[in-house]
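First the structure, in the form of structure tokens, and then the observations on it.
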Amino acid sequence: MAVDTSVIGKKMPTSRVVLERGPVSNFAAATTDDKPIYRDPEVARAAGFDNIPAAPTYSFAWQHFGAFPELQPEDASGPNPMFEIMGQLRGSGGLILHGEQEFIYHRTPQVGDDLVGEGRIKDLYEKESKGKTMTFIVTETVWKDAKSGEPVVTALFNLIHRA
């Protein structure tokens, strides 16, 4: 099945999250990072932060903890080209795998941040591996501070479908 590369560049629905202390601290604990900077605001301030910083890679999980329905932008429920592509691939059977993940930090996200994520399909391509077709879907989401519009984190995500 040849992939439809016309989706490259298409926007995904915008998302908004608010980073909260409990989930930020629990994520650090779940990743076995017991540094007090992820739990104690005084330790975080002593380290130069305004509030408790989010542990590295938390931006992969924060949509599951801080995307409150009443905060979502109007386009949040619009069509998501990522889901459309995955639906087509899933219909053909095979495996779906989490591939590469990359984060570019423009500043450290912290508890209390109100962030708006604007994503797009960055790339879509196929490769053959051991007689199977692997489809790679690469997304890029830029998370910006809701007040200033300044970028905080750019997240690149690679999802793989193996037929």
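Numbering (our numbering), first residue to last: 142 to 304. From the three backbone atoms N, C-alpha and C, an ideal C-beta is built for every residue, glycine too.
The beta strand (DSSP E) with I301 in it runs from where to where?
Residue numbering aside, residue 301 sits at position 160 when the sequence shown is read from its first letter. Start and end: P292 to R303.
Backbone CA spacing between S289 and A185 [nearest angstrom]
Mapped onto the sequence shown, residue 289 falls at position 148. Mapped onto the sequence shown, residue 185 falls at position 44. Those two C-alpha atoms are separated by around 22 angstroms.
Look up S156 in the DSSP assignment and say whether it is helix, strand or coil.
Sequence index remark: in the sequence shown, residue 156 carries index 15 (1-based). Correct three-state label for S156: strand.
With a threshold of 16 other CB atoms inside 10 Å of the CB of F224, please say whether the residue is buried or exposed.
In the sequence shown, the residue the question calls residue 224 occupies position 83. Around the Cβ of F224, a 10 Å sphere holds fewer than 16 other Cβ atoms; the residue is exposed.
Quick check: the Cα distance between P194 and T282, rounded to an integer number of angstroms?
The residue given as residue 194 occupies position 53 in the sequence shown. The residue given as residue 282 occupies position 141 in the sequence shown. Taken atom to atom, the span from the alpha-carbon of P194 to that of T282 is near 20 angstroms.
Can you tell me where the beta strand (DSSP E) holding I262 begins and where it ends?
Against the sequence shown, residue 262 aligns to sequence position 121. I262 -> beta strand (DSSP E) spans D255 to S270.
Helix, strand or coil for G235, going by three-state DSSP, please let me know.
Locating residue 235 in the sequence shown gives position 94, where the first residue counts as 1. Here G235 sits in coil by DSSP.
Using alpha carbons as the reference points, say which of P250, N167 and Q213 lies closest to A296.
Indexing the sequence shown from 1 puts residue 296 at position 155. A296 has its Cα closest to that of P250, out of P250, N167 and Q213.
What does DSSP give as the partner residue(s) for W203 in the beta ladder?
Translated into positions along the sequence shown, residue 203 becomes position 62. Answer is none; W203 lacks a bridge partner.
In this structure, how does DSSP classify F168 when only helix, strand and coil are distinguished?
Within the sequence shown, numbered from 1, the residue matching residue 168 stands at position 27. Note: F168 maps to helix in three-state DSSP.
Quick one: using the 10 Å Cβ neighbour count with 16 as the cut-off for buried, is G163 buried or exposed?
In the sequence shown, the residue the question calls residue 163 occupies position 22. Exposed: under 16 other Cβ atoms inside 10 Å.
Taking 6 angstroms as the cut-off, is the CB of A304 close to at least one heavy atom of the ligand MN?
For the ligand MN, the structure offers nothing, since it holds no ligand at all.
To the nearest angstrom, report how far apart I262 and T198 are at their CA atoms.
The residue labelled residue 262 in the question sits at position 121 within the sequence shown. The residue labelled residue 198 in the question sits at position 57 within the sequence shown. Distance between the alpha carbons of I262 and T198: 20 angstroms.
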